[in-house]
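Residue numbers (the working numbering): 2 to 540.
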């Protein structure tokens with residue numbers, strides 16, 4: 002299989018390693034200029050999120066040693082923004098090296114550059130960093146369903162809290178993140194920043210977000226006892242984990258430091274507990290009950306979080322995340338992925354309206370000026386905020402169902418397939434590259450789907466209810482299963498179950514036809530379907 006690498010080749014990688022290498026690395030081989038002369042093998046593009054692009058590759062030095070590495074480069078248009086909202090890649094590399102040297106579970110940075118012509122990264126034309134590739138997966142599905150993770154949930158939650166406390170205790174030189182801000186100003190600065198970012202994203206405006214901004218301005222939190230290093234995007238989806246694969250069992254490595262800054266540690270604590278990371282449960286990161294999370298962190302950090310201040314930071318985090326999710330939804334090209342993001346946007350609004358903000362019993366009048374509201378709110382301008390949120394959520398859910406069905410039909414049509422359940426005998430069928438038909442039906446024990454997602458060739462294997470293959474794609478399939486299961490349950494049952502739809506989602510993934518439909522909906526295009534699946538190499 003030929004990897005899709007989008008202009009990054011071995012020659013470019015060697016130039017990046019030579020120009021931006023870090024001579025202070027703990028690994029003396031990685032610090033040597035000889036790394037720039039290494040053979041580059043197994044180069045492939047990864048799903049890199051909404052703000053940067055990523056490639057995995059191995060550098061084989063003259064002594065025969067293999068060094069697994071990752072290239073991260075800024076994308077042309079990121080959803081976070083520039084300036085104070087995100088670190089530059091050289092600063093992120095310096096931070097990674099500092100934290101790695103201090104013993105925190107982060108990868109070390111091998112090289113970095115600003116991408117300026119004639120400087121480090123000029124061959125790439127944009128800022129970049131190269132870091133060590135660590136073992137494990139960041140998929141969140143196993144944390145909810147894998148029996149090993151369920152059994153060890155308490156220990157994993159302890160690691161999750163203790164690692165965040167260790168990050169907040171780390172000493173970072175001022176030349177990386179700048180001078181420490183005045184503790185009395187950090188909340189106001191962040192509120193002003195994300196109020197501005199929301200204004201710059203007009204289609205994300207809703208009545209409940211306006212209400213949230215008003216509440217935040219009227220209820221500032223007390224300043225923290227001290228400001229600390231913040232990860233900025235601390236959640237289980239940014240942590241590598243695994244078990245039974247030769248590496249340490251459990252959570253392993255914290256990734257994705259582009260939003261790191263100095264501020265109130267409650268900002269990170271609140272971000273980790275946002276509704277979008279709980280995936281239909283009341284567990285932070287799928288690990289620890291929402292009500293217990295502040296105490297667990299407090300025990301690790303040695304101080305008790307102020308719950309009122311934590312609520313303030315969760316409201317701001319919800320506004321911030323709503324802004325980022327909407328930008329991502331406008332940037333993606335996969336209809337199913339956009340529908341998922343729109344649903345997350347609606348969930349954030351619902352959480353603000355029903356749990357985080359005090360009730361607003363005043364009728365909502367249409368605003369005479371300002372950015373245009375979303376279609377659902379515009380059509381019901383006289384509703385209360387709660388009704389507006391319901392309308393947005395229902396609109397997103399309905400759009401998701403419609404788009405998913407259309408996407409499945411369109412993608413399958415490109416391969417000669419019919420939608421799941423649409424063939425005679427209740428079987429879903431797709432054309433293989435060789436022209437033979439591969440049938441997926443109720444008795445199917447395994448299948449393999451190769452396709453394109455966000456410009457990369459990916460493979461997903463289903464074998465008796467277990468998904469394997471490209472981790473980000475599997476993660477999206479499992480979240481899709483959760484959301485489909487949630488949308489099909491009646492509201493009374495959802496309230497009785499506390500919002501958890503994992504059981505129904507597990508049934509969808511265990512059924513071959515449903516799992517096949519979910520996989521197809523998640524891909525831009527299906528290239529090949531094989532039944533039974535070809536044997537996977539042991540890992």
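Heads up, the beta-carbon is just placed ideally off N, CA and C, and yes, glycines get one too.
Straight-line gap, residue 13 to residue 125 (C-alpha atoms, nearest Å): 7 Å
Considering only C-alpha positions, which residue in the set 160, 200, 281 and 189 is nearest to residue 235? Nearest to residue 235 by C-alpha distance, out of 160, 200, 281 and 189, is 160.
Count the other C-beta atoms from every protein chain shown that fall within 10 angstroms of the C-beta of residue 239, then say buried if there are 16 or more, exposed otherwise. So residue 239 ends up on the buried side.
Determine the direct distance from the alpha carbon of residue 111 to that of residue 88, and round the result to whole angstroms. 17 Å
What are the start and end residues of each continuous alpha helix (DSSP H) run of 4 or more residues lying completely inside the stretch 267 to 323, in chain order? List check, alpha helix (DSSP H) in window: 276 to 279 and 294 to 302.
Hey, quick one: how far does the alpha helix (DSSP H) through residue 150 stretch, first residue to last? Note, residue 150: alpha helix (DSSP H), 148 to 152.
Would you give the residue range spanned by the alpha helix (DSSP H) that residue 98 belongs to? According to the DSSP assignment, residue 98 belongs to the alpha helix (DSSP H) that extends over 90 to 102.
Helix, strand or coil for residue 395? Go by DSSP, reduced to three states. Bear in mind that a pLDDT of 39 at residue 395, under 50, signals an unreliable position, so the model cannot answer this.
Considering residue 37, what are the terminal residues of the alpha helix (DSSP H) in which it resides? Taken as a continuous stretch (DSSP letters only), residue 37 belongs to no alpha helix (DSSP H), as it is neither H nor E.
Own chain partners of residue 301 with C-beta closer than 7 Å, once the 5 adjacent residues on each side are dropped: 162, 163 and 166
Closest by C-alpha distance to residue 352, when choosing among 279, 338 and 19: Nearest to residue 352 by C-alpha distance, out of 279, 338 and 19, is 279.
Classify residue 245 as buried or exposed, calling it buried when 16 or more other Cβ atoms lie within 10 Å of its own Cβ. exposed
Suppose the cutoff is 6 Å on Cβ atoms and the five residues either side in sequence are ignored; what does the same chain contact list for residue 174 look like? none
Between the Cα of residue 131 and those of 448, 68, 311 and 104, spot the shortest distance and give me the residue it belongs to. 68
Looking at residue 1: is its Cβ nearer than 8 Å to the Cβ of residue 318? Given that the chain is displayed from residue 2 to residue 540, the structure contains no residue 1 and the question cannot be resolved.
Spatial distance of residue 322 from residue 349 (CA atoms): 8 Å
With respect to the beta strand (DSSP E) encompassing residue 209, which residues constitute its N-terminal and C-terminal limits? Where residue 209 is concerned, there is no enclosing beta strand (DSSP E), although the alpha helix (DSSP H) it sits in stretches over 208 to 219.
For residue 309, which of 221, 463 and 109 has the nearest alpha-carbon? 221
Tell me where the beta strand (DSSP E) around residue 53 begins and ends. 53 to 61
Give me the Cα-Cα distance between residue 149 and residue 255, rounded to the nearest whole angstrom. 20 Å
Cβ separation of residue 230 and residue 141, assumed to be a contact under 8 Å, to the nearest whole Å: Taking 8 Å as the upper bound for CB-CB distance, residue 230 and residue 141 are not in contact here, some 24 Å apart.
Alpha carbon to alpha carbon, how far is residue 274 from residue 61? Between residue 274 and residue 61, the C-alpha separation is close to 41 Å.
If residue 311 and residue 329 are in contact, beta carbons under 8 Å, what's the gap, nearest whole angstrom? No, residue 311 and residue 329 are not in contact; Cβ-Cβ is about 26 Å, not under 8 Å.
I believe residue 1 touches residue 262 by the beta-carbon criterion, under 8 Å. Please report the beta-carbon distance rounded to the nearest angstrom. The structure shown has nothing for residue 1, since the chain only spans 2 to 540.
Between the beta-carbon of residue 477 and the beta-carbon of residue 510, is there less than 8 Å? no
Name the residue from 46, 522 and 75 whose alpha carbon lies nearest to the alpha carbon of residue 336. 522
Whole-number beta carbon distance between residue 75 and residue 128, since they are thought to touch under 8 Å: 5 Å
If you draw a straight line from the alpha carbon of residue 1 to that of residue 462, how long is it in whole angstroms? No information on residue 1 is available, as it lies outside the stretch 2 to 540 that the chain covers here.
Of the residues 320, 172 and 315, the one placed nearest residue 206, counting alpha carbons only: 320
Exposed or buried, residue 106, counting other C-beta atoms within 10 Å across all chains shown (16 or more means buried)? buried
Nearest CA to the CA of residue 1: which residue from 296, 453, 448 and 276? The structure shown does not extend to residue 1, since the chain spans only 2 to 540, so no value can be given for it.
DSSP state of residue 125, grouped into three classes? coil
Distance, Cα to Cα, residue 527 vs residue 185? 54 Å
Using the Cα positions of residue 354 and residue 347, report the straight-line distance between them to the nearest angstrom. 11 Å
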